[in-house]
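J.:
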Amino acid sequence: MSVVGSGTIELGGKSVHRLGYGAMRITGPGIWGPPADHDEAVRVLRRSVELGVTFIDTADSYGPEVSENLIREALHDGTGYGDVVIATKGGFTRSGPGAWAAVGRPEYLRQCIQMSLRRLGVEQIDLWQLHRIDPRTPREEQFATLREFLDQGLAKQIGLSEVTVDDVKQAQAAGVPVASVQNRYNLGDRRAEDLLDYCEQQGIAFIPWAPVDAGALARPGGPLDAVAKGHPGTTTGQLALAWLLRRSPVMVPIPGTSSVAHLEENCASAEIQLTDEEYKALTS
């Protein structure tokens, strides 16, 4: 089993496999506090790399801080992360379980990236992403700060999360070479279709969050269930990931989990080959 079959894309200055791992679920309930099973969280991270995962996405707000600390504990080899690209995000504050508030003031974003550098044990973040554009802070100030991170060598690349095509264009016009976007997108929720198309045109990596949340499409007798009958032993979640990987060459799904067994199930999606008929049926 390996994610090698998912193909590759350039991110963080390296060629990474397109099926990555999202490290949000290795925290406590409400994405708050430590995981219920610390050792299993460490095993999940290490097993992901054994399975060929070379792109791991996290954020300073996951825990907060818990996810980044676990990644360093599990994967840092004393000098860095080898071939694995660690992407993180900043710009969200946390006041409790399930509570998120965007803060894009330049001084806060500077603190975010400096603390992520310290927690991850690196001198440069491979890919630093603005978790949300703060509507209370002038966006030109936020974009200028992102440009500053590149100019100062604090980040190798910059990404944005939950944005529109116009948001990306404004960031680009402000001198930010956007390397990735991270929006909700899956088989059942394709509201970001125009953004995905723009990313293809621009060569921007598209990182869908909630990638296996197919909703009613995964119900018994639904389209995913129907396709699964032609792939014995395959789950609807695996098929949803296989569809994403085929949907676009810039797609980088990051399914998350807190168990090794579920991780292995997700990673096996890279080996699933949908026929043209199956792909068309799911797409429609």
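Under full-length UniProt numbering, the sequence shown has 104 at position 104, and the numbering climbs by one with no breaks. Beta carbons: idealized from backbone N, C-alpha and C, even for Gly.
Answer with buried or exposed for Gly36, where buried requires no fewer than 16 other C-beta atoms within 10 angstroms of its C-beta.
T.: In the sequence shown, counting from the first residue as 1, residue 36 sits at position 36. A small correction: the amino acid at residue 36 is Ala; Gly does not occupy that position in the sequence shown. By the 10 Å Cβ count, Ala36 comes out exposed.
J.: In angstroms, rounded to a whole number, what distance separates the CA positions of Gly63 and Glu277?
T.: By one-based count along the sequence shown, residue 63 stands at place 63. By one-based count along the sequence shown, residue 277 stands at place 277. Roughly 42 angstroms separates the two Cα atoms.
J.: Alpha carbon to alpha carbon, how far is Gln273 from Ala242?
T.: What you label residue 273 is simply residue 273 of the sequence shown in a count that begins at 1. What you label residue 242 is simply residue 242 of the sequence shown in a count that begins at 1. Rounded to the nearest angstrom, the two C-alpha atoms are 7 angstroms apart.
J.: Exposed or buried, what is Thr275 when buried is set at 16 or more other beta-carbons lying within 10 Å of its beta-carbon?
T.: Counting from one through the sequence shown, the residue named residue 275 turns up at place 275. Exposed is the call here.
J.: My output table needs one value for Trp243: the three-state DSSP class, helix, strand or coil.
T.: For the purposes of this step, residue 243 is identified with residue 243 of the sequence shown, where counting begins at 1. Trp243 falls in the helix class under three-state DSSP.
J.: Go to Ser15, then tell me how far its beta strand (DSSP E) extends in each direction, as first and last residue.
T.: Here residue 15 refers to the residue found at position 15 when the sequence shown is read from its first residue. 14–17 is the extent of the beta strand (DSSP E) around Ser15.
J.: Do you know whose CA, among Ile86, Val165, Val168, Trp32, lies nearest Val53's CA?
T.: As a position in the sequence shown, residue 53 is number 53, starting the count at 1. The shortest C-alpha separation from Val53 is found at Ile86.
J.: Please report the straight-line C-alpha distance between Leu150 and Gln142, rounded to a whole angstrom.
T.: By 1-based counting over the sequence shown, the position of residue 150 is 150. By 1-based counting over the sequence shown, the position of residue 142 is 142. Each residue's Cα considered, the two are about 13 angstroms apart.
J.: Is Thr88 helix, strand or coil by DSSP?
T.: Within the sequence shown, the letter at position 88 stands for residue 88. Here DSSP, grouped into helix, strand and coil, assigns Thr88 to strand.
J.: Near Gly5, what residues of its chain come up, given a Cβ to Cβ distance below 6 angstroms and the 5 sequence neighbours on each side ignored?
T.: Stepping through the sequence shown from its first residue, residue 5 is reached at position 5. Here the set comprises Ala270, Glu271.
J.: Can you tell which of His231, Val66, Asp60 has the C-alpha that lies nearest to the C-alpha of Ile26?
T.: Reading the sequence shown from its first residue, position 26 is the one you call residue 26. When each option's Cα is compared against that of Ile26, the closest is Val66.
J.: Could you tell me which residues DSSP pairs with Glu68 in its beta bridges?
T.: Along the sequence shown, one-based indexing puts residue 68 at 68. Beta-bridge pairing links Glu68 to no other residue.
J.: Is it right to say Met251 is buried, meaning 16 or more other beta carbons lie within 10 angstroms of its own, or is it exposed?
T.: Locating residue 251 in the sequence shown gives position 251, where the first residue counts as 1. Burial call: buried.
J.: With a threshold of 6 angstroms on Cβ separation, who are the neighbours of Gly30 within its own chain once the five nearest residues in sequence on each side are excluded?
T.: As a working mapping, residue 30 is identified with position 30 in the sequence shown. These residues qualify, in order along the chain: Pro97, Gly98.
J.: Evaluate the contact criterion for the region 254–263 versus the region 218–226: three or more CB pairs, one atom per stretch, below 8 angstroms.
T.: no
J.: Beta-carbon within less than 6 angstroms of Pro106's beta-carbon, same chain only, minus the 5 sequence neighbours each way: which residues are those?
T.: Taking the sequence shown and counting its residues from 1, the one referred to as residue 106 is at position 106. Cβ within range, chain order: Glu141, Thr145.
J.: Cβ of Glu162 within 8 angstroms of Cβ of Asn183?
T.: Along the sequence shown, read from residue 1 onward, the residue named residue 162 stands at position 162. Along the sequence shown, read from residue 1 onward, the residue named residue 183 stands at position 183. Result yes, Cβ atoms of Glu162 and Asn183 sit closer than 8 angstroms.
J.: In chain order, what are the residue ranges of uninterrupted alpha helix (DSSP H) at least 4 long that sit wholly in the region 140–212?
T.: 165–173, 193–202
J.: Taking Ala74 and Leu51 to be in contact with their CB atoms under 8 angstroms, please state how far apart those CB atoms are, rounded to whole angstroms.
T.: Position 74 of the sequence shown, counted from the start, is the residue given in the question as residue 74. Position 51 of the sequence shown, counted from the start, is the residue given in the question as residue 51. Not confirmed; about 14 angstroms, so no contact.
J.: Taking Ile204 as the reference, give the member of Lys229, Gly159, His231, Gln238 with the closest Cα.
T.: Your numbering for residue 204 matches position 204 in the sequence shown. The shortest C-alpha separation from Ile204 is found at Gly159.
J.: Straight-line CA distance for Thr164 to Ala173?
T.: Here the question's residue 164 lines up with position 164 in the sequence shown. Here the question's residue 173 lines up with position 173 in the sequence shown. Their backbone Cα atoms lie some 14 angstroms apart in a straight line.
J.: Count the other CB atoms within 10 Å of the CB of residue 305; is the residue buried (16 or more) or exposed (fewer)?
T.: Residue 305 lies beyond the range of the chain shown here (1 to 284); nothing can be said about it.
J.: Out of Arg147, Ile71, Thr283, Ile125, point me to the one whose CA is closest to Asp39's CA.
T.: Translated into the one-based positions of the sequence shown, residue 39 becomes position 39. Cα-wise, what sits closest to Asp39 is Ile71.
J.: Taking contact to mean 3 or more Cβ pairs, one atom from each stretch, closer than 8 angstroms, check whether the region 125–137 and the region 3–19 are in contact.
T.: yes
J.: Can the beta-carbon of Tyr198 be found closer than 8 angstroms to that of Arg246?
T.: Numbered from 1 along the sequence shown, position 198 holds the residue referred to as residue 198. Numbered from 1 along the sequence shown, position 246 holds the residue referred to as residue 246. Taking 8 angstroms as the Cβ cut-off, Tyr198 and Arg246 do not qualify as a contacting pair.
J.: Please name the residue in Val181, Val103, Gly78 whose C-alpha comes closest to that of Asp57.
T.: To locate residue 57, count along the sequence shown from 1; it is residue 57. The candidate whose alpha carbon is nearest that of Asp57 is Val181.
J.: Between which two residues does the alpha helix (DSSP H) holding residue 306 run?
T.: Nothing in the structure corresponds to residue 306, since the chain is present only between 1 and 284.
J.: Per DSSP, what kind of secondary structure is Ala270 in: helix, strand or coil?
T.: Mapped onto the sequence shown, residue 270 falls at position 270. Correct three-state label for Ala270: helix.
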